[in-house]
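Notes to accompany the following structure.
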Amino acid sequence: MSQKTVRLTMAQAVARFLTRQMTVIDGQRVPIFGGVFAIFGHGNVAGVGEALYAVRQTLPTYRAQNEQGMANAAIAFAKASFRRRFMACTTSIGPGALNMVTSAALAHVNRLPVLFLPGDVFANRRPDPVLQQVESFGDGTISANDCFRPVSRYFDRITRPEQIIPALRRAMQVLTDPADCGPVTLSLCQDVQAEAYDYPESFFDEKVWVPRRIEPDPDELAAAIATLKKAKKPIIVAGGGVLYSEASAELAAFAEKHGIPVVETQAGKSSLPHSHPLNMGSVGVTGTSASNRLAEETDVVLAVGSRLQDFTTGSWALFKNDELKIVGLNVQPFDAGKHNALPLISDARIGLARISAGLDEHKAESAWTEEAKAGKTEWMVTADKATATTNTALPSDAQVIGAVQRARGGRKTTLVCAAGGLPGELHKLWQAEEPGGYHMEYGFSTMGYEVAGGLGVALARPERDVIVMVGDGSYMMLNSEIASSIMLGAKFTIVLLDNAGYGCINRLQMETGGANFNNLLMDTHHVELPQIDFAAHAAAMGAVARKVGSIPELETALAETANEKRTTVIVIDTDPLITTEAGGHWWDVAVPEVSEREQVKTARQGYEKALQSQRFG
Numbered sequence: 003m004s005q006k007t008v009r010l011t012m013a014q015a016v017a018r019f020l021t022r023q024m025t026v027i028d029g030q031r032v033p034i035f036g037g038v039f040a041i042f043g044h045g046n047v048a049g050v051g052e053a054l055y056a057v058r059q060t061l062p063t064y065r066a067q068n069e070q071g072m073a074n075a076a077i078a079f080a081k082a083s084f085r086r087r088f089m090a091c092t093t094s095i096g097p098g099a100l101n102m103v104t105s106a107a108l109a110h111v112n113r114l115p116v117l118f119l120p121g122d123v124f125a126n127r128r129p130d131p132v133l134q135q136v137e138s139f140g141d142g143t144i145s146a147n148d149c150f151r152p153v154s155r156y157f158d159r160i161t162r163p164e165q166i167i168p169a170l171r172r173a174m175q176v177l178t179d180p181a182d183c184g185p186v187t188l189s190l191c192q193d194v195q196a197e198a199y200d201y202p203e204s205f206f207d208e209k210v211w212v213p214r215r216i217e218p219d220p221d222e223l224a225a226a227i228a229t230l231k232k233a234k235k236p237i238i239v240a241g242g243g244v245l246y247s248e249a250s251a252e253l254a255a256f257a258e259k260h261g262i263p264v265v266e267t268q269a270g271k272s273s274l275p276h277s278h279p280l281n282m283g284s285v286g287v288t289g290t291s292a293s294n295r296l297a298e299e300t301d302v303v304l305a306v307g308s309r310l311q312d313f314t315t316g317s318w319a320l321f322k323n324d325e326l327k328i329v330g331l332n333v334q335p336f337d338a339g340k341h342n343a344l345p346l347i348s349d350a351r352i353g354l355a356r357i358s359a360g361l362d363e364h365k366a367e368s369a370w371t372e373e374a375k376a377g378k379t380e381w382m383v384t385a386d387k388a389t390a391t392t393n394t395a396l397p398s399d400a401q402v403i404g405a406v407q408r409a410r411g412g413r414k415t416t417l418v419c420a421a422g423g424l425p426g427e428l429h430k431l432w433q434a435e436e437p438g439g440y441h442m443e444y445g446f447s448t449m450g451y452e453v454a455g456g457l458g459v460a461l462a463r464p465e466r467d468v469i470v471m472v473g474d475g476s477y478m479m480l481n482s483e484i485a486s487s488i489m490l491g492a493k494f495t496i497v498l499l500d501n502a503g504y505g506c507i508n509r510l511q512m513e514t515g516g517a518n519f520n521n522l523l524m525d526t527h528h529v530e531l532p533q534i535d536f537a538a539h540a541a542a543m544g545a546v547a548r549k550v551g552s553i554p555e556l557e558t559a560l561a562e563t564a565n566e567k568r569t570t571v572i573v574i575d576t577d578p579l580i581t582t583e584a585g586g587h588w589w590d591v592a593v594p595e596v597s598e599r600e601q602v603k604t605a606r607q608g609y610e611k612a613l614q615s616q617r618f619g
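Quick note on this note's numbering: the sequence shown kicks off at 3 and runs consecutively.
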């Protein structure tokens, strides 16, 4: 029996294959790849570039300004799509490829799908060493792209054209797998990109990928139900897995039926509407007093779709009940069993439904539920004070957050942020009412993600009002995708808080006894302090740009620019030292044991005392 084939180059086979991968969103079949971000160079322009040109009507190619920026945008697209759709990124060999490695780590940590297609060396090695080739004196098989190996869920180097068949199939399995989801790198040798092969036509059959919903093991389920039935003071930690499972309705129903308060991680924030009476808000280092008070007392934690990292657990010093038990409801066994948890390997939506059925009408003690609600009411009084309007010359981050919330914080708003002091303030104070209304990259805390992330969210969710909040330090690291957003007509609003330096790390430096050094611009080695006109800079890239002088002016500017057709940047000066003291928790940042400075000695004493509260193992 002869197999029908079609002769294509390897790169053409990649492009055609990507166009044939589909998914179903709201009952409609749509391409699972939202497009390809590409910056061409000698290692991909002839092979991949020609291939993408041929499919440009069905698989759009987007030109970016920076390889890390475009990769961040692609990752934000996947996150905003709840991992149901994703993108590919292609670069040349060398610095273009390596610029994406930070983004690969970002996606790896956050369990987000993205397909990297960097060019690589010549497989035939005839012209070695080629331009931009990294040579290892002891290993002829190594190239710069080997840097992707530790930060990819699946890595493959394609040295023959037929190898792309199993590689792409494996790539799709990883990109769509709820447990192994993350970045895939297919390193495409540049000579092989142009080589032809007779590919089976069946390789290009349309395939529909839908979420795999893992059912819980009966024994693990029974153990989880029994543990929750015995709980006197249970809480639910809602992680990003709730959103990726699209389990918000099930979480709300579970909390209401069983009277269990919910606390949210950075990735899980917006799992429940902020206004839900059992949503206690953020937990951990950047947590509300309502959440952290419950976490200190709880005897059973149902951790749903959470990695339980140090910001969530207060470096494992937050939970103080000696009888604490954790039920780890997660699709990934690695996460489900952390810290001696009772693992429940399951999809979040299905797992919550199965536990709820097993609990029947069982409810947490009413006194515990009422204590939680009272704590939230108390917290909201504090939060409202922190975010209230002011006429001060240098407002706090919290006051800026309040202005953005009042002016544009509706149900259709998505707030994007990533690093610095803003994530802590936003985690506590931003009021998200819909799943995905809070888009924070804090798993890797990647400075420079924010602007590119806003572009990715705008491409994924053009119907939403996308607001990016970013500090001047992070903006300076990577802002060039503002120009891409203008070019692509993917508009969003940037609120740029200028505190003249790295304010968050400066405060951490002070808290650990350090001298003010090399963080705020005024504390750096300098001949002249930079006077950056951020509004003029953004305007030069095509954005609508304004500088405002107060919180009332910020609210007015946000209202007046709400219907702009292009990306808008609004700049406001802020105080680098003010932060919301209420809420929060200790975070393990090691303080030197030996120092000549008294401030460090005092901080070390406090650090050693705090260490005694940690639960190890």
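Ideal placement from N, C-alpha and C gives every residue a C-beta, glycine not left out.
Exercise. If you run the structure through DSSP and keep just helix, strand and coil, what is Arg606?
Worked result: helix
Problem set entry | Cβ distance (whole Å) where Asn323 is taken to contact Glu299 below 8 Å | 6 Å
Exercise. Just reading off the alpha helix (DSSP H) that Gln511 is part of, what are its end residues?
Worked result: Gly505 to Glu513
Exercise. Looking at Asp349 and Ser247, is the spacing between their C-beta atoms short of 7 Å?
Worked result: yes
Exercise. Nearest to Val210 by CA position, among Thr558, Gln30, Met24 and Val153, is which residue?
Worked result: Met24
Problem set entry | Beta-carbon spacing of Ala109, Gly184 below 7 Å | yes
Exercise. Hey, would you say Ala146 sits closer than 7 Å to Ser105, going by beta carbons?
Worked result: Between Ala146 and Ser105, the C-beta spacing is not below 7 Å.
For this session: Would you identify the three-state DSSP class for Arg410, choosing helix, strand or coil?
Result: helix
For this session: State buried or exposed for Phe336, treating a residue as buried only when at least 16 other CB atoms are found within 10 Å of its CB.
Result: exposed
Exercise. Hey, out of Glu610, Leu304 and Ala75, whose CA is closest to His260's CA?
Worked result: Leu304
Problem set entry | beta strand (DSSP E) runs contained entirely in the stretch 120-152, provided each spans 3 or more residues | none
Exercise. Should the stretch 187-205 be called in touch with the stretch 157-166, which here means at least 3 C-beta pairs below 8 Å?
Worked result: Yes, the stretch 187-205 is in contact with the stretch 157-166.
Exercise. First and last residue of the alpha helix (DSSP H) that includes Tyr451?
Worked result: Segment Tyr451 to Ala462, the alpha helix (DSSP H) holding Tyr451.
Exercise. Should Lys340 go down as buried or exposed, given a rule of 16 or more other Cβ atoms within 10 Å for buried?
Worked result: buried
Problem set entry | Three-state secondary structure assigned by DSSP to Pro185 | Pro185: strand per DSSP, three-state reduction.
Exercise. How should Gln614 be labelled, buried or exposed, when 16 other C-beta atoms within 10 angstroms of its C-beta is the threshold for buried?
Worked result: exposed
Exercise. In chain order, what residues of the same chain lie with their CB nearer than 7 Å to the CB of Asn501, ignoring the 5 residues before and after it?
Worked result: Gly473, Asp474, Thr576, Asp577 and Pro578
Exercise. Which one or two residues does DSSP pair with Asn565 in a beta bridge?
Worked result: Asn565 is not bridged to any residue.
Exercise. Do Cys506 and Gly586 come within 7 Å of each other at the CB atom, strictly closer than that value?
Worked result: no
For this session: May I have the straight-line CA-CA distance separating Thr11 from Pro115, to the nearest angstrom?
Result: 26 Å
For this session: Over the uninterrupted alpha helix (DSSP H) stretch that includes Ala540, give me the two end residues.
Result: Start and end: Phe536 to Ala542.
Exercise. For Asp577, which three-state DSSP category applies?
Worked result: Of the three classes helix, strand and coil, the one that applies to Asp577 here is coil, per DSSP.
For this session: List the endpoints of the continuous alpha helix (DSSP H) containing Val194.
Result: Gln192 to Gln195
For this session: Give me the Cα-Cα distance between Ile77 and Glu610, rounded to the nearest whole angstrom.
Result: So the alpha carbons of these two residues sit roughly 39 Å apart.
Exercise. Just how far apart, CA to CA, sit Phe42 and Lys549?
Worked result: 36 Å
Exercise. Per the contact definition of three or more C-beta pairs closer than 8 Å, is the stretch 481-491 in contact with the stretch 432-445?
Worked result: no
Exercise. Taking all protein chains shown into account, do 16 or more other C-beta atoms lie within 10 angstroms of the C-beta of Glu452, making it buried, or fewer, making it exposed?
Worked result: buried
Problem set entry | CA nearest to the CA of Leu253, picked from Pro275, Lys235, Ala269 and Gln268 | Among Pro275, Lys235, Ala269 and Gln268, the Cα nearest to that of Leu253 belongs to Pro275.
For this session: To the nearest angstrom, report how far apart Ala48 and Thr416 are at their CA atoms.
Result: 38 Å
Problem set entry | Short Cβ contact (7 Å threshold) for Pro202 with Gln5 | Result yes, Cβ atoms of Pro202 and Gln5 sit closer than 7 Å.
Exercise. Would you call the CB atoms of Ser204 and Pro120 closer than 7 Å?
Worked result: no
Exercise. Any contact of the stretch 223-236 with the stretch 309-320, i.e. 3+ C-beta pairs under 8 Å?
Worked result: They do not touch, by the three-pair rule.
Exercise. How would you write the range of the beta strand (DSSP E) that Ser284 sits in, first residue to last?
Worked result: Asn281 to Ser284
For this session: Please report the Cβ distance between Lys430 and Thr288, rounded to the nearest whole angstrom; I am assuming they are in contact, meaning their Cβ atoms lie under 8 Å.
Result: 6 Å
Exercise. Which stretch, first to last residue, makes up the beta strand (DSSP E) that contains Phe88?
Worked result: Phe88 to Thr93
Exercise. Looking at the structure shown, is Thr495 part of a helix, part of a strand, or coil, going by DSSP?
Worked result: Of the three classes helix, strand and coil, the one that applies to Thr495 here is strand, per DSSP.
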